[in-house]
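**Q** Note that the sequence shown covers residues -3 to 209 in this note's numbering. Glycine included, C-beta positions come from ideal geometry on N, C-alpha and C. The following block contains the structure, expressed as structure tokens.
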Amino acid sequence: MGDLLDWIPKPIRRRLLARTLDIRERYPQYAIGRGSYGKARVLSWNEGSTLVIGHYSSLADGVSIFLGGEHRIDWGTTYPFSTFWPEAQAIKGHPASKGDVHIGSDVWIGDHAVILSGVTIGDGAVVGANAVVTSDVAPYTIVAGNPARLIRPRFAPHQIEALLAARWWDLPEARIKALLPRLLSPDIDALIAALANPPDAASDNQPSKGFKA
């Protein structure tokens, strides 16, 4: 995160770094983009699913991400006999998973939200506190509730399209630093214009490695 944190007061910087290191150190087996932070629990029972988190995403305290653990409601019993009884260990498929979890860039997930397996949360999306996300969340939308449902899009359709095309989170840190007055502002059209007309086009020819979640 480098220079981007230099201007942040030291107590806040320490907390952010602690959270970032926490998620990386606890789960080094998963792909976590630059700047993303949080103390999420990632739960897996070796179903083979994985987690991908993009750049600059914020995961609040108490977030739980399930990569599996689905009890089989289509079987004669929901009880995981194969976990506890040696006689059932040859019978596979319980617990089950619906697939990988992909969390995009610039995503905000609120306190104690639950993300279930197989879900993709698009870039720029917001998940409300205590939401239970059972299906995909479109980019730049706000969802909340149990199960999580659409509250509203964050911006107008043409603005969302432009932001997704620009992918500011893939830019070099120096360019992002120059964009901070626009990023930290409600004037979305001004941000889009700044992204479309960089002051030094050559600097944008060397972006950071793309991170498509």
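Would you say G114 and G50 are within 8 Å of each other, going by their C-beta atoms?
**A** Contact flag unset, no.
**Q** Pick from A170, I111 and I87: whose alpha carbon is nearest that of T130?
**A** Nearest option by C-alpha distance: I111.
**Q** Which value, in whole angstroms, describes the spacing of the CA atoms of L180 and G31?
**A** Those two C-alpha atoms are separated by around 16 Å.
**Q** Leaving out the 5 sequence neighbours to the left and right, which residues in its chain are closer than 6 Å to R37 when beta-carbon positions are compared?
**A** Correct list, in chain order: S60.
**Q** Extract the residue ranges of the beta strand (DSSP E) inside the segment 62 to 105, only unbroken runs of 3 or more that lie entirely within it.
**A** The segment 62 to 105 contains these whole beta strand (DSSP E) runs: 97 to 99.
**Q** Below 8 Å on the Cβ atoms is my guess for G141 versus A125; work out the distance and round it to an integer in Å.
**A** Rounded, the Cβ-Cβ distance is 11 Å, inconsistent with contact.
**Q** Which whole-angstrom value describes the C-beta separation of W104 and V122, a residue pair presumed to lie in contact below a C-beta threshold of 8 Å?
**A** The pair is a contact, with the Cβ atoms about 5 Å apart (cut-off 8 Å).
**Q** If you compare alpha carbons, which of G34, S40 and P177 is closest to L55?
**A** When each option's Cα is compared against that of L55, the closest is G34.
**Q** According to DSSP, is P153 part of a helix, a strand, or is it coil?
**A** Three-state result, P153: helix.
**Q** Kindly give me the distance between the Cβ atoms of A92 and G58, rounded to whole angstroms, as I take these residues to be in contact under 8 Å.
**A** With a Cβ gap of about 25 Å, A92 and G58 do not count as contacting.
**Q** Starting from the C-beta of K88, find all residues in its chain whose C-beta is less than 8 Å away, skip the five residues before and the five after it, and write them out in chain order.
**A** Closer than 8 Å at the Cβ level, and outside the excluded window around K88, lie S78.
**Q** With H, G and I counted as helix, E and B as strand and the rest as coil, what does DSSP make of R178?
**A** Three-state DSSP puts R178 in a helix.
**Q** What's the C-alpha gap between A192 and H154?
**A** Computed Cα separation, rounded: 14 Å.
**Q** Pull up the distance between the alpha-carbon of I147 and that of V139, whole angstroms please.
**A** Straight-line Cα distance between these residues: approximately 5 Å.
**Q** Let's see if you can read the secondary structure: which residues bound the beta strand (DSSP E) around A56?
**A** Taken as a continuous stretch (DSSP letters only), A56 belongs to no beta strand (DSSP E), as it is neither H nor E.
**Q** Round the Cβ separation of I188 and A158 to the nearest angstrom and send it over; I've been treating them as touching at under 8 Å.
**A** Sure, about 5 Å apart at Cβ, within 8 Å.
**Q** So the candidates are R20, H90 and R171; which of them puts its Cα closest to the Cα of W71?
**A** Checked all of R20, H90 and R171; the closest Cα to W71 is H90.
**Q** In the DSSP assignment, find the alpha helix (DSSP H) that holds L47 and state where it starts and stops.
**A** Where L47 is concerned, there is no enclosing alpha helix (DSSP H), although the beta strand (DSSP E) it sits in stretches over L47 to I49.
**Q** Could you tell me how far apart the beta carbons of L160 and D119 are, in whole angstroms, since I believe they sit closer than 8 Å?
**A** Going by Cβ atoms, the distance from L160 to D119 rounds to 6 Å, so yes, they are a contact pair.
**Q** Compute the beta-carbon to beta-carbon distance between L47 and Y26, rounded to the nearest angstrom, for a pair I have assumed lies under 8 Å.
**A** Yes, L47 and Y26 are in contact; Cβ-Cβ is about 4 Å, under 8 Å.
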